[in-house]
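Visitor: These protein sequence lines map, in sequence, to chains W and S. Here the UniProt record's numbering is used: position 93 in the first sequence is 93, and no number is missing along the way. Here the UniProt record's numbering is used: position 57 in the second sequence is 57, and no number is missing along the way. Positions of the beta carbon are idealized from the N, C-alpha and C atoms, including for glycine.
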Amino acid sequence: MVNWLSLVVPFAYLTILLGSLYTFSHLYRARKLSKAASLEPWFPPHLQRNIYLTLLHLDPSESGEGGPSKVPDSVLKAALLRRATEDIHRVLQLQNAKPALQSLLQRGSVGDDLWQRFLRAEKEIQEEIKDVVAEANAFAPGWGQLIFQTANEMAQNALLRKRVEEIQAQVTAEKEWWEKKKAGIQADFMKELDEDSKATQPVPTTGRGSDDDAVLVEGGGPTAAQQQGSMKKRKKGKN
Amino acid sequence: MAAEADIFTLLPLHLDPTTKAVSSSSSSTSAALTTELTALNLLHRSLLSLDTPNGVPPPPVPVNPKRSAQIGKLRETGNASFRKGAHGDAIRMYSLGIDMALGRPGWEPSGLVREEVSGLYANRAQAHMALQHWAEGAVDAESSVEMKRVGNAKGWWRRGRCLFEMGRLEEAREWVGQALEFEAGEQDLVGLMREVEAAVERRARQ
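(1) I need the DSSP call for residue 131 (chain S), collapsed to helix, strand or coil.
(2) Locate the alpha helix (DSSP H) running through residue 190 (chain S), then write down its first and last residues.
(3) Does any CB atom of chain W fall closer than 8 Å to the CB of residue 166 (chain S)?
(4) Does the beta-carbon of residue 7 (chain S) have 16 or more other beta-carbons within 10 angstroms, so that it is buried, or is it exposed?
(5) So, helix, strand or coil for residue 63 (chain S), using DSSP?
(6) How long is the line joining the alpha carbons of residue 241 (chain W) and residue 44 (chain W), rounded to whole angstroms?
(7) Only counting runs of 4 or more residues, tell me where the alpha helix (DSSP H) segments fall wholly within the stretch 68 to 126 of chain S, in order along the chain.
(8) Contact check, residue 199 (chain S) vs residue 169 (chain S) under 8 Å by CB: the rounded distance?
(9) So, at 8 Å on beta carbons, what are the nonlocal neighbours of residue 173 (chain S) in its own chain, with the 5 sequence-adjacent residues on each side left out?
(10) Where does residue 126 (chain S) land, buried or exposed, given buried means 16+ other C-beta within 10 angstroms?
(11) Buried or exposed: which applies to residue 226 (chain W), given that a residue is buried once 16 or more other Cβ atoms fall within 10 Å of its Cβ?
(12) Here's the rule: buried if 16 or more other CB atoms are within 10 angstroms of the residue's CB, otherwise exposed. What is residue 58 (chain W)?
(13) Under 9 Å, CB to CB, which of the residues in the stretch 104 to 116 of chain W have a partner in chain S?
(14) Residues of chain S with CB closer than 7 Å to the CB of residue 38 (chain W), please, in chain order.
(15) Between which two residues does the beta strand (DSSP E) harbouring residue 23 (chain S) extend?
(16) Measuring only between beta-carbons, confirm whether residue 187 (chain S) sits less than 8 Å from chain W.
(17) Within 8 Å of any Cβ in chain S, is that where the Cβ of residue 180 (chain W) sits?
(18) Can you list the beta strand (DSSP E) stretches of 3 or more residues lying completely in the stretch 157 to 190 of chain W, in chain order?
(19) For residue 96 (chain W), would you say it is in contact with chain S, using Cβ-to-Cβ distances shorter than 8 Å as the test?
(20) For residue 150 (chain S), does the count of other Cβ atoms within 10 angstroms reach 16, so buried, or fall short, so exposed?
(21) In chain W, which residues lie less than 9 Å from residue 147 (chain S) when you measure between Cβ atoms?
(22) Report back the beta-carbon spacing between residue 153 (chain S) and residue 186 (chain S) to the nearest angstrom; my notes put them in contact at under 8 Å.
(23) For residue 15 (chain S), which of helix, strand or coil comes out of DSSP?
(24) Assuming residue 113 (chain W) is part of the alpha helix (DSSP H), what are its boundary residues?
(25) In the structure shown, what three-state DSSP assignment does residue 148 (chain S) receive?
(26) Start and end of the alpha helix (DSSP H) containing residue 208 (chain S)?
(27) Just tell me which of W:161, W:134, W:160 and W:159 has its CA closest to the CA of residue 148 (chain W).
(28) Can you check whether the C-beta of residue 19 (chain S) is within less than 8 Å of a C-beta belonging to chain W?
(29) Quick check: what's the CA-CA separation for residue 168 (chain W) versus residue 22 (chain S)?
(30) In the structure shown, what three-state DSSP assignment does residue 89 (chain W) receive?
(31) Can you list the residues of chain W that residue 114 (chain S) reaches, using a CB-CB cut of under 7 Å?
(32) Find the residues of chain S that neighbour residue 143 (chain W), judging by a C-beta separation of less than 7 Å, and give them in chain order.
(33) Any heavy atom of the ligand COA closer than 7 Å to the Cβ of residue 15 (chain W)?
(34) Nearest-angstrom Cα distance between residue 206 (chain S) and residue 189 (chain W)?
(35) Look at residue 67 (chain S) and residue 104 (chain S) and say whether their C-beta atoms are less than 8 Å apart.
Right, dumping it as structure tokens:
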């Protein structure tokens, strides 16, 4: 009896110790997990994926009563291709961000949270790509190997068209600016001519447009002559 | 985490039974969804016009030669007009060629599009320059360079020349300096650089 009573104290000590350790680790891990889950995702919601899956699950009964009730394959293929293109954009973004993020992490400039978000995005995109390949193979055998090649070209093409459009959009503004400036130069030039009365320098522009006079003011006499020479040369060497 | 791969957001989509066009059935649609659906419908239509056996886009590499031939022809016609001095016609031909090259289906190789478009823009810039449309020439030459930076000394030179002609000397100097980084030792560019430097100096003295 005495023996038991003296043993209660160490046993209670052990139980409390182990119990508190366990509770602590359990709570700690649960909190960490919930924190990781609540981290903001790296990318915004995948719109193309949502569209594709929505189309796939579109209820036949509500879309079109009389006609063929299923979404045609061609629409689904187009949606899948859009999804793959968006995946390409995301993969490229992640690839570009990785080295910079790694060096920032090593220097301690960014928190661990950002790195966790990045790793999660990487894992998700891998799953996503596997999924797209499987879907593509289901539509047409062998398309899985091709779809990302196609999607890559589509992404690149979209990018280059956007760039060209951006540059070409400047053309009206540039033109207006130049017209204004040209008018200004011409006015200046005429004034100068009036001031110097007549016969200042023989301007070598007989038979050429008044536009050219403006240019001559800019470039000066000898340069303009040279310029004509090099323009001719250029004309010959064109493709 | 694994669960997230299996869930998705159901969108209020509606498929037109006759035209097969996908639209959003809810009235409050985000702009992103609308543009995405437009792109999807466009892509769908171009997929339908394909004549591949299973209706999927062909691999990028063997290119349909028809369009390439047409673009090449337009460029040749443009070049011929340019040589005859019909610069307006040349510009029109080059513009048609550019539209056709940019109108290639998205799955065709983007490198090819870059190559074609850069050549056509460079030529159109030249035609504009012959008409002394420096502003248009400058923009076209910039487009050409944007599409193809290396091995495009003509494009670089043309924009530099246009800027110089418009009296934008600082811009011209910066541009040609950049050009020389890509095309070091190109005689025309070196010459243009010298001219620009001289003009900058002259202006500073005035």
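Guide: Working from what's here:
(1) coil
(2) 187 to 205
(3) yes
(4) With fewer than 16 other Cβ atoms inside 10 Å of its own Cβ, residue 7 (chain S) counts as exposed.
(5) coil
(6) A question about residue 241 (chain W) goes unanswered here, because the residues of chain W that appear run from 1 up to 239.
(7) Qualifying alpha helix (DSSP H) stretches, in chain order: 87 to 102.
(8) 5 Å
(9) Scanning its chain for C-beta atoms nearer than 8 Å, with the 5 sequence neighbours on each side dropped, one finds around residue 173 (chain S) the residues 193, 196, 197 and 200, in chain order.
(10) buried
(11) Because the pLDDT at residue 226 (chain W) is just 45, under 50, the model does not fix this residue reliably, and the value given afterwards should be weighed accordingly. Residue 226 (chain W) comes out exposed.
(12) buried
(13) none
(14) Within 7 Å Cβ-Cβ: nothing; residue 38 (chain W) doesn't reach chain S, min ~12 Å.
(15) 22 to 24
(16) Using beta-carbon distances, residue 187 (chain S) does not count as an interface residue toward chain W, since no partner is under 8 Å.
(17) no
(18) none
(19) Not an interface residue.
(20) Within 10 angstroms of the beta-carbon of residue 150 (chain S) lie fewer than 16 other beta-carbons, which makes it exposed.
(21) 160, 163 and 164
(22) 5 Å
(23) In this structure, residue 15 (chain S) counts as strand in the three-state DSSP scheme.
(24) 112 to 139
(25) Note: residue 148 (chain S) maps to coil in three-state DSSP.
(26) Residue coverage of chain S in this structure runs from 1 to 206, which leaves residue 208 (chain S) outside it and unanswerable.
(27) Comparing Cα positions, the closest option is W:134.
(28) No, because no Cβ of chain W sits closer than 8 Å to the Cβ of residue 19 (chain S).
(29) In a straight line, the C-alpha of residue 168 (chain W) is about 31 Å away from that of residue 22 (chain S).
(30) Correct three-state label for residue 89 (chain W): helix.
(31) 160
(32) Per Cβ cutoff of 7 Å: 56.
(33) The model on display carries no ligand, and the ligand COA is accordingly not part of it.
(34) 16 Å
(35) yes
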